[in-house]
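Q: Residue numbers (UniProt numbering), protein chains in the order written: chain X, 1 to 343; chain Y, 1 to 343; chain Z, 1 to 343; chain P, 1 to 343.
Encoded as structure tokens, here's the structure I'll be asking about.
There are 4 protein chains.
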Amino acid sequence: MDKVKIGIIGAGRIGRIHAENLLRHPQAAVAGISDPFGNDELREWAAERGIPVVAQDSGVLLADPDIQAIFICSPTDTHVPLIKQAAAAGKHIFCEKPVSMNLAETKEAIEAAESNGVILQIGFNRRFDHNFSRVRELVRNGDIGDPHLIKITSRDPAPPSADYIKVSGGLFMDMMIHDFDMARYLSGSEAVEVYATGAVLVDPVFAQFGDVDTAVVTITFASGALGVIDNSRKAVYGYDQRVEVFGSGGSAAVSNDYPNSAEVHTAEGVRRDKPLHFFLERYNGAYIDEAAQFIASIKDGTAVPVSGRDAYQAELMALAAKQSLQLGRPVKLTEAAQSAISQ
Amino acid sequence: MDKVKIGIIGAGRIGRIHAENLLRHPQAAVAGISDPFGNDELREWAAERGIPVVAQDSGVLLADPDIQAIFICSPTDTHVPLIKQAAAAGKHIFCEKPVSMNLAETKEAIEAAESNGVILQIGFNRRFDHNFSRVRELVRNGDIGDPHLIKITSRDPAPPSADYIKVSGGLFMDMMIHDFDMARYLSGSEAVEVYATGAVLVDPVFAQFGDVDTAVVTITFASGALGVIDNSRKAVYGYDQRVEVFGSGGSAAVSNDYPNSAEVHTAEGVRRDKPLHFFLERYNGAYIDEAAQFIASIKDGTAVPVSGRDAYQAELMALAAKQSLQLGRPVKLTEAAQSAISQ
Amino acid sequence: MDKVKIGIIGAGRIGRIHAENLLRHPQAAVAGISDPFGNDELREWAAERGIPVVAQDSGVLLADPDIQAIFICSPTDTHVPLIKQAAAAGKHIFCEKPVSMNLAETKEAIEAAESNGVILQIGFNRRFDHNFSRVRELVRNGDIGDPHLIKITSRDPAPPSADYIKVSGGLFMDMMIHDFDMARYLSGSEAVEVYATGAVLVDPVFAQFGDVDTAVVTITFASGALGVIDNSRKAVYGYDQRVEVFGSGGSAAVSNDYPNSAEVHTAEGVRRDKPLHFFLERYNGAYIDEAAQFIASIKDGTAVPVSGRDAYQAELMALAAKQSLQLGRPVKLTEAAQSAISQ
Amino acid sequence: MDKVKIGIIGAGRIGRIHAENLLRHPQAAVAGISDPFGNDELREWAAERGIPVVAQDSGVLLADPDIQAIFICSPTDTHVPLIKQAAAAGKHIFCEKPVSMNLAETKEAIEAAESNGVILQIGFNRRFDHNFSRVRELVRNGDIGDPHLIKITSRDPAPPSADYIKVSGGLFMDMMIHDFDMARYLSGSEAVEVYATGAVLVDPVFAQFGDVDTAVVTITFASGALGVIDNSRKAVYGYDQRVEVFGSGGSAAVSNDYPNSAEVHTAEGVRRDKPLHFFLERYNGAYIDEAAQFIASIKDGTAVPVSGRDAYQAELMALAAKQSLQLGRPVKLTEAAQSAISQ
């Protein structure tokens with residue numbers, strides 16, 4: 001049983017998480033890792049894990065004939081060129097979200113993968129969360145009838161740095177994009193129109209970059225269902241990631257995950273520990289599972305669970321939401337797509 | 001200690017609930033009840049409870065010099081004339097929501113009460129719910145810091161009859177009006193703008209009357225906070241009434257109430273009984289408490305907990321939401337007020 | 001429809017609770033109340049509620065031909081003589097628990113009621129709790145198969161006064177007696193043997209009276225099932241009343257009731273308010289329901305839900321537990337019964 | 001940084017779990033595995049994981065000078081001889097529970113480790129569970145004051161095979177031994193006396209081997225606290241592992257873990273999936289952590305978290321419980337120890 005040999009482009013936090021998970025996958029081998037800032041620390045890190053190749057130039061990995069698949073974990077503006085290069089080199093591709101902040105380029109990337117016959121999977125990791133995937137399963141099985149309303153709450157424990165905010169693409173593209181994908185995943189339907197409200201309530205620095213830190217987006221789906229997503233850049237009690245799907249036959253909802261189930265009763269009241277702190281804790285298992293599915297798709301030729309088309313649709317929703325906030329009115333996805341292409 | 005003598009206008013379901021609760025209040029006496037459909041059944045019902053006067057004409061109660069206060073529990077279109085008459089007769093007034101579907105008339109009713117120096121309390125009973133009032137208290141005490149987001153879910157177990165839908169004033173004025181009041185109550189701020197989406201997913205009969213059965217409304221508050229309300233006319237699992245206030249210092253959320261806390265673990269899974277079925281079960285205590293506060297306001301001269309002004313604001317939000325749905329864009333409350341007055 | 005006219009003997013806390021509940025029952029009338037310490041305060045209290053007779057001597061009520069039923073809410077040592085007198089006078093009897101601390105006398109009281117053909121219901125109010133009765137129903141319906149284990153937790157928020165402890169009959173007869181009845185109620189089987197461990201951990205005053213404040217009792221049932229009860233005189237977080245029945249087909253368990261469902265998430269953790277404080281709050285509805293069932297038994301001739309025989313069995317379990325603690329070994333109920341009779 | 005080289009004796013389910021976890025530990029290397037039933041399947045399994053040595057004779061591992069530590073995962077009757085051999089060979093030892101069913105031999109094993117200066121850690125994995133360790137921490141931090149009552153529920157999803165039951169040592173030594181250790185761990189005190197009740201309610205096969213399948217054990221601790229443990233060999237809803245510690249300042253309790261948090265509300269009620277099925281799912285993280293602590297103790301010279309003395313005490317409690325069930329009376333641990341030694 002040959003292992004799938006993988007090269008990882010980008011050795012930041014998310015690149016290393018994927019590397020660790022792939023190292024533990026019985027059918028995967030990490031053949032190399034590249035990062036322009038690759039230094040002694042990275043080389044030591046890789047040596048301890050038995051990763052044979054460490055490069056500053058991602059081209060080293062792309063040129064390696066032994067490497068069958070690439071994980072793109074570098075900054076967003078490098079995604080499209082790297083997808084094109086990897087596709088041209090015949091490598092299967094796992095790419096972090098978003099593919100691009102430019103919809104036309106996302107389309108080009110998808111087409112590059114298709115025309116070269118390589119797999120392209122996008123890192124919408126939350127689809128693999130044990131809670132959300134159970135809700136999806138319940139919806140698909142008809143346990144709650146026809147979906148009428150999709151509700152998604154997504155709040156970070158603390159805002160990112162000003163440097164990050166500046167280049168993040170804004171709350172809709174950087175943060176809510178996960179929820180847009182989740183809305184499509186849970187509803188099994190495409191968004192037709194979105195309306196966004198937003199505010200700067202957490203930190204004035206967001207206003208400096210024309211961004212918001214708090215937002216509510218309403219969605220109308222092709223199926224007739226409605227959706228609503230709320231985001232905040234700062235929930236002092238930790239990472240808040242919940243969904244509810246309400247339908248003709250009932251509702252399915254999930255709460256957060258907690259580090260333990262201990263409840264303490266005292267004279268002051270009843271208390272328990274805060275939810276799992278952030279995405280590394282909450283989505284630990286989801287990262288493992290999305291990588292495993294990618295490996296399985298390569299081995300078995302099955303369809304990837306999150307395609308380039310999924311990336312495109314979520315990005316389109318983010319663009320439409322951004323436009324809606326600017327215009328102060330609902331925006332149809334067809335309108336957003338047109339304006340994105342005509343730019 | 002003299003009891004407050006009360007006349008009840010309207011002997012339908014809600015009129016009788018108030019009567020039962022007042023009969024058990026140590027400082028209240030039910031002096032009479034009127035209903036145009038008053039018949040033998042009503043007379044027997046009243047006799048069993050020791051209510052001395054039963055009339056078909058509400059004027060009998062209004063003319064009774066012993067009666068100090070009136071509960072208006074008759075159809076909405078009678079509220080304003082009855083408030084005016086009761087105020088002119090010097091009776092304190094408890095009126096069910098909404099005061100009117102016509103904002104100008106609501107204003108006249110409020111002014112009638114003010115100019116006659118009588119108390120006017122509105123039946124937004126949910127403010128007295130043990131769960132919601134605890135959230136309000138937590139918000140007021142600063143336990144969650146500055147509110148950033150108010151979320152309200154409100155779903156009925158089953159839609160009303162077609163006859164009722166026809167004259168209901170529509171989902172926003174008939175059903176969501178409670179949530180509009182709750183949004184003001186929880187946030188401690190006034191709405192500035194609303195945006196409504198809606199759909200007919202439960203029963204096509206709603207479309208016949210130009211109404212919706214499912215709706216999501218986004219609110220912008222003067223404080224900068226955002227709000228979102230979702231309504232459905234049919235939750236098969238029963239009455240669903242939950243709120244969450246999220247703020248700079250944390251969040252406060254309440255779940256539904258249940259008939260018992262029994263959890264059954266079997267080979268099939270874990271289950272428990274559905275939430276309390278409908279408003280009579282869920283708000284049983286709230287009805288008792290709102291009446292008690294009304295009595296206390298009369299006895300002590302303290303301000304009523306829900307004023308005519310509160311009714312006006314919630315009605316204005318309902319009108320703005322209705323307009324928003326029709327226009328397909330957000331509507332400011334100032335705009336809705338202007339169009340309501342210029343009608 | 002004639003109301004059942006009731007006399008209440010004992011105007012302490014529990015006597016007044018029953019009075020208030022009966023006053024609100026449409027088929028009951030409180031015809032009189034007696035208390036040796038009856039004074040102006042009691043007369044005023046009764047006058048406000050329209051209770052026509054107030055006496056210091058319970059004989060006044062027992063001699064009143066209009067009174068059909070008696071609630072015995074006086075101290076335990078008066079129960080048996082009062083039951084005998086009331087039975088002789090042909091009154092139906094509701095008696096607070098325990099009937100007596102002397103098993104032979106309890107038997108005499110039961111026989112007095114039987115031979116005079118009057119109803120005797122015992123105040124094991126917890127059987128009427130919405131949570132426990134739901135568990136009983138689930139067990140009876142076979143939802144959890146054959147019961148294998150009955151677990152009961154019962155803890156008070158604070159210990160009673162030293163004066164009360166002195167005459168209480170001890171933890172098993174005063175406090176755990178409710179749980180012994182609950183064990184029989186939930187299991188649908190009779191206890192065969194008990195083993196008690198106990199300790200003085202809350203307050204040394206219990207040791208002064210040869211009592212314990214903390215205890216665990218293991219029960220063997222005739223059905224083969226096992227049971228375990230834990231009691232504490234002091235749970236700083238409030239009244240703790242939970243049960244679990246585990247069986248061949250699953251388990252059914254209930255948690256405490258809470259004043260509200262508000263959960264607060266902050267940087268320190270997640271918290272909620274303490275459970276309902278004590279029995280008046282927790283068993284408010286149970287007191288109403290047990291009185292209603294007593295009235296119904298009188299009106300309809302149906303069997304009482306808690307009989308004198310139930311009192312006898314629970315008292316026997318308490319005696320056996322007391323003996324077990326003294327002897328440091330398990331005690332069969334037959335052994336305890338024999339020693340109780342031969343005393 | 002040298003890795004600790006480890007040999008694993010016993011390649012059954014638990015041996016392989018430890019192997020997998022050690023393979024992923026950055027400071028551990030699995031140098032070999034032995035099993036008398038070692039065959040091609042085991043060799044293939046080991047080859048895939050890069051485990052260089054596969055033997056049928058554990059002596060191969062014990063004689064290997066490169067191997068520093070041994071995991072004893074073979075049947076219980078081999079534990080003591082293997083501990084003695086490993087200690088004599090100067091290897092650190094991790095041994096699964098129980099060390100032995102013979103208390104005198106357990107003592108010899110402990111002394112062998114001590115006299116040879118090697119580390120001996122016992123596989124009471126539940127101490128490393130995120131829920132139980134949090135309760136222990138809360139107790140130690142004084143969050144609940146002085147412990148008054150320790151309650152432990154431990155139920156398996158299904159009974160083992162008749163073959164296993166026959167040699168298991170009985171419910172107290174095979175199953176409840178984990179709970180005896182947990183009782184000591186949570187209370188921070190030693191048991192003085194135990195009283196056991198038991199029954200055959202799940203399967204008559206247990207009676208054939210003089211065993212029970214359902215049991216309740218009451219414990220008296222040296223601190224004065226009480227304890228109670230309930231066990232069942234069959235909970236149809238899955239693995240049920242809960243604890244509660246109640247004390248002068250409050251209580252700390254944990255519920256089971258679940259595969260997801262999805263709650264489904266339908267017309268039939270509210271439901272969720274069953275708890276995690278069995279120990280592999282529930283204690284997955286605990287197995288990883290206990291191995292990590294063992295490695296840390298070797299590297300850092302810190303005391304092991306679960307010592308041979310801990311094994312001895314838990315085994316003594318199991319013997320006392322067994323005796324108690326046979327004698328039908330409480331048994332002091334001093335009495336059980338004496339009878340165990342004099343055997």
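Each residue gets a CB set at the ideal place from its N, CA and C atoms; glycine is no exception.
Using a Cβ-Cβ cut-off of 7 Å, state whether Z:Leu-226 counts as contacting chain P.
A: For Z:Leu-226, the answer is yes, since a Cβ of chain P falls inside 7 Å of its Cβ.
Q: Helix, strand or coil for residue 345 of chain Y per DSSP?
A: The requested residue 345 of chain Y is not part of the displayed model; chain Y covers only 1 to 343.
Q: Between P:Val-236 and Y:Thr-266, how many whole angstroms is the CB-CB distance? I'm expecting something under 8 Å.
A: With a Cβ gap of about 6 Å, P:Val-236 and Y:Thr-266 count as contacting.
Q: So which of X:Phe-37, X:Val-99, X:Asp-35 and X:Ala-321 has the shortest CA-CA distance to X:Tyr-312?
A: It is X:Val-99 whose Cα lies nearest to the Cα of X:Tyr-312.
Q: Could you check whether the segment 187-205 of chain P touches the segment 318-325 of chain P, counting it as contact only if at least three pairs of C-beta atoms, one from each stretch, sit closer than 8 Å?
A: With a cut-off of 8 Å, the segment 318-325 of chain P and the segment 187-205 of chain P count as touching, because enough Cβ pairs lie within range.
Q: Closer than 7 Å between beta carbons: that is the criterion. Which residues of the UniProt domain "GFO/IDH/MocA-like oxidoreductase" (132-252) of chain Z meet it against chain X?
A: Cβ contacts with chain X: Val-236 and Tyr-237.
Q: Taking 8 Å as the cut-off, does the segment 174-183 of chain P touch the segment 249-261 of chain P (at least 3 CB pairs, one atom from each stretch)?
A: Result no; under three Cβ-Cβ pairs closer than 8 Å.
Q: I need the straight-line Cα distance from X:Leu-61 to X:Val-192, nearest angstrom please.
A: If you take the alpha carbons of X:Leu-61 and X:Val-192, they lie about 40 Å apart.
Q: List the whole-angstrom C-beta distance separating X:Asp-203 from X:Asp-211, where the pair is believed to meet the contact cut-off of C-beta under 8 Å.
A: With 8 Å as the limit, X:Asp-203 and X:Asp-211 do not qualify as a contact, their Cβ atoms being about 10 Å apart.
Q: Closest by CA to Z:Glu-263, which one among Y:Ser-251, Y:Val-264 and Y:Lys-299?
A: It is Y:Ser-251 whose Cα lies nearest to the Cα of Z:Glu-263.
Q: From the DSSP output, in three-state form, read off Y:Ala-183 for me.
A: Residue state, collapsed to three classes: helix.
Q: Taking contact to mean at least 3 C-beta pairs separated by less than 8 Å, is the segment 59-78 of chain P in contact with the segment 6-19 of chain P?
A: The segment 59-78 of chain P vs the segment 6-19 of chain P: in contact.
Q: Suppose the cutoff is 7 Å on Cβ atoms and the five residues either side in sequence are ignored; what does the same chain contact list for Y:Asp-129 look like?
A: Excluding positions up to five away in sequence, the list reads Tyr-283 and Ala-286.
Q: Work out the CA separation of Y:Gln-27 and Y:Ile-298 for me, nearest whole Å.
A: So the two alpha carbons sit approximately 11 Å from each other.
Q: What does the alpha-carbon distance come out to for the pair P:Arg-43 and P:Val-243?
A: Spanning the two alpha carbons is a distance of roughly 41 Å.
Q: Measure the C-alpha to C-alpha separation of X:Cys-95 and X:His-79 and round it to an integer number of angstroms.
A: Spanning the two alpha carbons is a distance of roughly 7 Å.
Q: From what residue to what residue does the beta strand (DSSP E) around P:Gly-269 run?
A: Its beta strand (DSSP E) spans residues 269-272.
Q: With distances taken between CB atoms, is the gap from Z:Phe-209 to Z:Val-200 smaller than 7 Å?
A: Against a cut-off of 7 Å, the Cβ pair of Z:Val-200 and Z:Phe-209 comes out as no contact.
Q: Quick check on the burial criterion: 16 or more other C-beta atoms within 10 angstroms. Buried or exposed for P:Phe-37?
A: The residue in question, P:Phe-37, is exposed, as its Cβ has fewer than 16 Cβ neighbours within 10 Å.
Q: Could you tell me if Z:Pro-305 is buried or exposed, where buried requires 16 or more neighbouring beta carbons within 10 angstroms of its beta carbon?
A: Under this definition Z:Pro-305 is a buried residue.
Q: Where does the unbroken alpha helix (DSSP H) through Y:Tyr-287 begin, and where does it stop?
A: Per DSSP, Y:Tyr-287 belongs to the alpha helix (DSSP H) from 284-300.
Q: Mind checking P:Asn-21: buried by the 16 CB within 10 Å criterion, or exposed?
A: It counts as buried.
Q: On the CB-based measure, 16 or more other CB atoms within 10 Å of its CB, does X:Gln-338 come out buried or exposed?
A: By the neighbour-count rule (16 or more Cβ atoms within 10 Å), X:Gln-338 is not buried but exposed.
Q: Report the residue from Z:Arg-16, Z:Gln-293, Z:Gly-145 and Z:Ser-187 whose alpha carbon sits nearest the alpha carbon of Z:Ser-74.
A: Taking only the C-alpha atoms, the option nearest Z:Ser-74 is Z:Arg-16.
Q: Would X:Arg-126 count as contacting chain P if we go by Cβ distances under 7 Å?
A: X:Arg-126 does not count as touching chain P.
Q: Around the C-beta of X:Lys-280, are 16 or more other C-beta atoms found within 10 angstroms, so that it is buried, or is it exposed?
A: A quick correction: the sequence has Leu, not Lys, at residue 280 of chain X. Result: exposed.
Q: In the DSSP assignment, what residue or residues form a beta bridge with Z:Ala-55?
A: Bridge partners of Z:Ala-55: Z:Ser-34.
Q: In whole angstroms, what is the alpha-carbon distance linking Z:Thr-166 and Z:Asp-35?
A: It should be noted that the sequence gives Lys, not Thr, for residue 166 of chain Z. For Z:Lys-166 and Z:Asp-35, the distance between alpha carbons rounds to 22 Å.
Q: In whole angstroms, give me the CA-to-CA distance for Y:Leu-23 and Y:Arg-126.
A: Distance between the alpha carbons of Y:Leu-23 and Y:Arg-126: 21 Å.
Q: In three-state DSSP terms, what is Z:Arg-309?
A: Three-state result, Z:Arg-309: helix.
Q: Taking 7 Å as the CB-CB cut-off, is Y:Asn-260 touching chain Z?
A: It does; some Cβ of chain Z falls within 7 Å.
Q: For Z:Glu-290, count neighbouring Cβ atoms within 10 angstroms of its own Cβ and tell me buried if that reaches 16, exposed if not.
A: Classification for Z:Glu-290: buried.
Q: In angstroms, rounded to a whole number, what distance separates the CA positions of X:Ser-154 and X:Val-135?
A: One C-alpha to the other measures close to 16 Å.
Q: Starting from the beta carbon of X:Pro-98, find every residue of chain Y whose beta carbon is closer than 7 Å, and list them in chain order.
A: In chain order: nothing, as chain Y lies at least about 24 Å away.
Q: Do X:Lys-151 and X:Val-228 have their beta-carbon atoms positioned less than 7 Å apart in this structure?
A: Result yes, Cβ atoms of X:Val-228 and X:Lys-151 sit closer than 7 Å.
Q: Going by DSSP, which residues form a beta bridge with Z:Phe-71?
A: Z:Ile-8 and Z:Phe-94.
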